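Numbering (this note's numbering), first residue to last: 1 to 142.
Reviewing the structure listed below.
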């Protein structure tokens, strides 16, 4: 079988490169394996000095420039952390916690309304009443 990189020499080693997609392997000759190993180990971020090996060990970039220098490695890590997706999909609040937060807000507003009515501040009480209606509407949609 021929080397998949140079297409000249006989392939002797099966290699999985970090930037390759999951499950993809390359079959390479000994010369290409040595060249790739040198390239792979030699990359360093010009801004912070982080090496590729440090990045892969720490699983963190050292600075903003690392994202450009180690793009393939960072993309691979993001895919690994995001279960195969190449973009970060942050967590969303649990519906239960949203409902809980709205109920707490409603309770606080009702207490404020009672205080305003007792102090005969009816204009403020009306504004709070409007907020209560809005929060109750939000609660119906959770």
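Cβ atoms here follow ideal geometry from the backbone N, Cα and C, with glycine treated the same way.
In this text, all values refer to a predicted model and were calculated from it rather than measured experimentally.
Terminal residues of the beta strand (DSSP E) in which residue i lies
{"i": "residue 26", "result": "26 to 28"}
Distance, residue j Cα to residue i Cα
{"i": "residue 15", "j": "residue 100", "result": "51 Å"}
{"i": "residue 29", "j": "residue 1", "result": "10 Å"}
{"i": "residue 108", "j": "residue 53", "result": "53 Å"}
{"i": "residue 118", "j": "residue 141", "result": "32 Å"}
{"i": "residue 51", "j": "residue 33", "result": "19 Å"}
{"i": "residue 110", "j": "residue 98", "result": "18 Å"}
{"i": "residue 124", "j": "residue 134", "result": "16 Å"}
{"i": "residue 64", "j": "residue 120", "result": "57 Å"}
Residue i classed as buried or exposed, judged by whether at least 16 other C-beta atoms fall within 10 angstroms
{"i": "residue 8", "result": "exposed"}
{"i": "residue 38", "result": "exposed"}
{"i": "residue 21", "result": "In this predicted model, residue 21 has a pLDDT of only 47, less than 50, meaning its place in the structure is not dependable; the value taken from the coordinates is given anyway. It is exposed - the Cβ of residue 21 has fewer than 16 other Cβ atoms within 10 Å."}
{"i": "residue 61", "result": "buried"}
{"i": "residue 58", "result": "exposed"}
{"i": "residue 25", "result": "exposed"}
Distance between beta carbons of residue j and residue i, contact taken as under 8 Å
{"i": "residue 78", "j": "residue 45", "result": "With a Cβ gap of about 18 Å, residue 78 and residue 45 do not count as contacting."}
{"i": "residue 132", "j": "residue 102", "result": "Wrong, their Cβ atoms sit about 11 Å apart, outside the cutoff."}
{"i": "residue 31", "j": "residue 11", "result": "Not really, about 11 Å apart at Cβ, beyond 8 Å."}
### Query
What alpha helix (DSSP H) runs, 4 residues minimum, are completely inside the segment 92 to 126?
95 to 118
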